[in-house]
Structure formats: structure tokens, C-alpha cells
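S.K.: Could you have a look at this structure, given as C-alpha cells, before my questions?
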Amino acid sequence: MTTVFLPVGSLLYVDTSATDTPTWQKLTEHNRQPASIQINRIEKTQRTTNGTLRKFFIADKKSISVAWNMIPTYSTMTVDGGYGANDIQTFYNSAKGQGSFKLKISYSPTREEIIEVIFGSCSFDVIKRNVKASSADTAQEFWDVNIALEQV
């Protein structure tokens, strides 16, 4: 008998709530590629008249890039029930996605971080359409999805 280990959870969760109390919805792990989390340091450097370098630290801000290959259209079709391509696109086009929203990055079950972000870019490419396991099944599409998020 083979043991199957299922994922602990998703790496990224978006706040879909219209109130101050967050309602977290996971972005699927279905064919997710490695997520890039970069830190951009905002600072001002200046040489003084005697040649000394002076640096003023302002803030560190994160940029997150995530891509999925062959992601199903809906969350009902993903392996973990997380947002599928159409769900991500609907969130992106919603009033919440057009402004800033909370993003939870879950590194492990004991370590997570919540930041406020905006969409920097988002792209959706239809790879396959009208895919059915049998003729009685509902047709579905598979997408390549790329999103870039920037901390506010």
C-alpha cells in the first residue's frame, strides 16, 4: 500500500472580505511554478562635501511574482480547491483587485506574513479548451496564469 502525502496548504491567500475582518481564499497550488519574493530597498544615498557616503534608509518593500502552467478554469477543478484561472481573473477584475488588498504568505504552518499589495501585472493565456474526460463531462479550459504583486 502506498502512502500519499497531501500539501499542507497554499503559499498565497488573498483577502476577499469587504469588511475589516479578513476572509482568506487560497490561490491554488495546482501546477504552480516557484514563487519569486524579492525585497526592494528604498533608500537615498548621498556623498557629503568631505567625500563620506551617507545613506538614508526609507523602507523595504516586497515584490511577488507567481506563475501557473495548465491551471484549470475553476476552483472546483483544481487539486486543492484553491482559486482556478477564472477565479483569479474575476478577483483581478473586481473592485477589490483594482485597489489594494491583503495577501497572506504562508511559508510554513507556523510562519506566515500578511502584507498589503496591489497587482503590478496579470496575464491569462488559454492553452487548451473544450477538454473532457468523457463526452458526458462539462468542457473545461486550461490556462497559463502569471501575476505580479507589489507591496504598497
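Using the numbering used here, the first residue of the sequence shown is number 1226, and each one after it goes up by one.
A virtual CB, placed ideally from N, CA and C, is assigned to each residue, including glycine.
No experiment lies behind these values; they were computed from the predicted model shown.
Quick check on DSSP: helix, strand or coil for Y1299?
M.R.: To locate residue 1299, count along the sequence shown from 1; it is residue 74. Residue state, collapsed to three classes: coil.
S.K.: Any chance you could list the beta strand (DSSP E) runs of at least 3 consecutive residues sitting entirely within the stretch 1267-1344, in chain order?
M.R.: As far as the stretch 1267-1344 is concerned, its whole beta strand (DSSP E) runs of at least 3 residues are 1278-1297, 1326-1333.
S.K.: In this structure, how does DSSP classify S1261 when only helix, strand and coil are distinguished?
M.R.: Here the question's residue 1261 lines up with position 36 in the sequence shown. Correct three-state label for S1261: strand.
S.K.: What first and last residue would you give for the beta strand (DSSP E) that runs through E1375?
M.R.: As a first step, residue 1375 must be located in the sequence shown, where it is residue number 150. Note, E1375: beta strand (DSSP E), 1365-1376.
S.K.: Assess contact between the stretch 1349-1366 and the stretch 1252-1267, defined as three or more Cβ pairs (one per stretch) separated by less than 8 Å. Is contact present?
M.R.: In short, these stretches do not touch, since the Cβ pair count stays below three.
S.K.: Hey, is S1261's beta-carbon within less than 9 Å of any beta-carbon in chain D?
M.R.: No chain D is present in this structure, which holds just one protein chain.
S.K.: Classify G1276 as buried or exposed, calling it buried when 16 or more other Cβ atoms lie within 10 Å of its own Cβ.
M.R.: Counting from one through the sequence shown, the residue named residue 1276 turns up at place 51. Looking at its Cβ environment, which holds fewer than 16 other Cβ atoms inside 10 Å, G1276 is exposed.
S.K.: Counting along the chain, where does the beta strand (DSSP E) carrying K1251 start and finish?
M.R.: Walking along the sequence shown from the start, residue 1251 turns up at place 26. 1249-1251 is the extent of the beta strand (DSSP E) around K1251.
S.K.: Have a look at E1341 and S1325 and give me their C-alpha separation to the nearest angstrom.
M.R.: On the sequence shown, position 116 is the one that residue 1341 refers to. On the sequence shown, position 100 is the one that residue 1325 refers to. Their Cα atoms are separated by approximately 6 Å.
S.K.: Where does the unbroken beta strand (DSSP E) through D1240 begin, and where does it stop?
M.R.: As a working note, residue 1240 is residue 15 in the sequence shown. 1237-1240 is the extent of the beta strand (DSSP E) around D1240.
S.K.: Does the contact criterion of 3 or more C-beta pairs under 8 Å hold for the stretch 1362-1376 versus the stretch 1271-1289?
M.R.: Short answer: they touch.
S.K.: Using the C-alpha atoms, what's the distance from S1300 back to G1306?
M.R.: Position 81 of the sequence shown holds residue 1306. Position 75 of the sequence shown holds residue 1300. For G1306 and S1300, the distance between alpha carbons rounds to 5 Å.
S.K.: K1357 by DSSP, collapsed to three states: which one?
M.R.: Taking the sequence shown and counting its residues from 1, the one referred to as residue 1357 is at position 132. Residue state, collapsed to three classes: coil.
S.K.: Using only CA atoms, which one of M1295, N1318, K1269 lies nearest to I1283?
M.R.: Mapped onto the sequence shown, residue 1283 falls at position 58. Nearest C-alpha to I1283: K1269.
S.K.: Using only the alpha-carbon positions, how far apart do T1244 and S1319 sit?
M.R.: Taking the first residue of the sequence shown as position 1, residue 1244 is located at position 19. Taking the first residue of the sequence shown as position 1, residue 1319 is located at position 94. Answer to the nearest angstrom: the Cα atoms are 15 Å apart.
S.K.: Classify D1245 as helix, strand or coil using the three-state DSSP reduction.
M.R.: Residue numbering aside, residue 1245 sits at position 20 when the sequence shown is read from its first letter. In this structure, D1245 counts as coil in the three-state DSSP scheme.
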